[in-house]
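J.: Residue numbers (the numbering used here): 23 to 254.
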Amino acid sequence: METAAPSAVIVAIDGPSGTGKSSTSKAVAAKLGLRYLDTGAQYRAITWWMITNGVDTDDPHAIAVAAGKPGIVSGTDPAAPTITVDGLDASGPIRTQEVTSKVSAVSAVPEVRTLITELQRSIAASAQGGIVVEGRDIGTTVLPDADLKIFLTASPEARAARRSGELRGKEATDLAATKEALIKRDAADSGRKTSPLAKAGDAVEVDTTELTLDQVIECVVTLVEEKRAGRK
Ligand SMILES: Nc1ncnc2c1ncn2[C@@H]1O[C@H](COP(=O)(O)OP(=O)(O)OP(=O)(O)O)[C@@H](O)[C@H]1O
Ligand SMILES: Nc1ccn([C@@H]2O[C@H](COP(=O)(O)O)[C@@H](O)[C@H]2O)c(=O)n1
Numbered sequence: 023m024e025t026a027a028p029s030a031v032i033v034a035i036d037g038p039s040g041t042g043k044s045s046t047s048k049a050v051a052a053k054l055g056l057r058y059l060d061t062g063a064q065y066r067a068i069t070w071w072m073i074t075n076g077v078d079t080d081d082p083h084a085i086a087v088a089a090g091k092p093g094i095v096s097g098t099d100p101a102a103p104t105i106t107v108d109g110l111d112a113s114g115p116i117r118t119q120e121v122t123s124k125v126s127a128v129s130a131v132p133e134v135r136t137l138i139t140e141l142q143r144s145i146a147a148s149a150q151g152g153i154v155v156e157g158r159d160i161g162t163t164v165l166p167d168a169d170l171k172i173f174l175t176a177s178p179e180a181r182a183a184r185r186s187g188e189l190r191g192k193e194a195t196d197l198a199a200t201k202e203a204l205i206k207r208d209a210a211d212s213g214r215k216t217s218p219l220a221k222a223g224d225a226v227e228v229d230t231t232e233l234t235l236d237q238v239i240e241c242v243v244t245l246v247e248e249k250r251a252g253r254k
């Protein structure tokens, strides 16, 4: 007997910095044949554009006025996600410390959020076979009707250790400074007025502190499969 293709599923994965959202989302999407969207990369891309175009990232009005100017395009293949700004590959420049230190100020501007949220919704709507979308406000604001919402957490110590391991050899790594920087970014992201970092009421919380990345991936794959099975 022929089995029907599994139905399209929309998965929202949110959580603070360094909890494993990108690594988990990419792997889950690849395993299940879904598309993948890194929404943090989009906020980083608009921040990079502001910096390179001389917009003062401490001036919310200037950011709001310029918000519609960059053309941001996200490629959603989990094996090779891409991000371009006005046709230029921005995947490298958006990961610098400068962008990381300024992205929370830019992403807090309501005009930026409105534009990026619309972009995210249109990408999710066009992902016919389903998509894993990761960020800070996906379950609460961008895709409140997602089929499955996951909120990843981990202790600040575990997250700082993961980040330091990642940065080693590229930029200066100091565990205490890394921990302080991620706590500061989370506080800014949680404290902003417009769609702050928050767990949706119906999200499943997964504490990844004591889990390997493979265990987290397996846990999320199981949750998606259970959701799909429940819809048959
Ligand atoms: N459970 C885990 N155990 C150990 N290392 C992990 C685990 N999950 C993720 N990592 C590693 O931690 C680092 C950060 O992971 P990742 O980029 O996926 O987090 P994130 O939540 O997307 O962070 P951000 O929001 O800052 O982009 C990566 O180097 C990743 O390989
Ligand atoms: N849905 C989202 C996703 C991200 N942000 C902002 O972007 C920053 C960078 O995110 P990373 O996942 O790449 O670290 C993040 O600190 C937020 O300021 C957001 O606001 N909403």
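Cβ coordinates follow ideal geometry from the N, Cα and C atoms, glycine included.
What's the call for residue 55, buried or exposed, on a 16-neighbour Cβ count within 10 Å?
T.: Looking at its Cβ environment, which holds fewer than 16 other Cβ atoms inside 10 Å, residue 55 is exposed.
J.: Evaluate contact between the segment 27-41 and the segment 162-178, counting only Cβ atoms and requiring at least three cross-stretch pairs below 8 Å.
T.: Yes: at least three Cβ pairs fall under 8 Å.
J.: How is residue 167 classed by DSSP in three states: helix, strand or coil?
T.: DSSP places residue 167 in coil when its eight states are reduced to three.
J.: Using 8 Å for Cβ pairs, my map puts residue 217 next to residue 143. What's the rounded Cβ distance?
T.: That belief does not hold up - the Cβ atoms of residue 217 and residue 143 are roughly 13 Å apart, past 8 Å.
J.: Go through the segment 177-254 residue by residue and report every complete run of the beta strand (DSSP E) that reaches 3 residues or more, in order.
T.: Counting whole runs of 3 or more residues, the segment 177-254 contains the beta strand (DSSP E) stretches 226-229.
J.: What is the residue span of the beta strand (DSSP E) that residue 104 lies within?
T.: Start and end: 104-107.
J.: Mapping the DSSP letters down to three states, classify residue 30 as helix, strand or coil.
T.: Reduced to three states, the DSSP call for residue 30 is coil.
J.: Just to confirm before moving on: does the CB-CB distance between residue 165 and residue 34 stay below 7 Å?
T.: Contact: yes.
J.: Ligand 1 and residue 106: does the residue's C-beta get closer than 6 Å to at least one heavy atom of that ligand?
T.: It does not: the Cβ of residue 106 is nowhere closer than 6 Å to a heavy atom of ligand 1.
J.: For a test of the three-state rule: what should DSSP assign to residue 54, helix, strand or coil?
T.: Three-state DSSP puts residue 54 in a helix.
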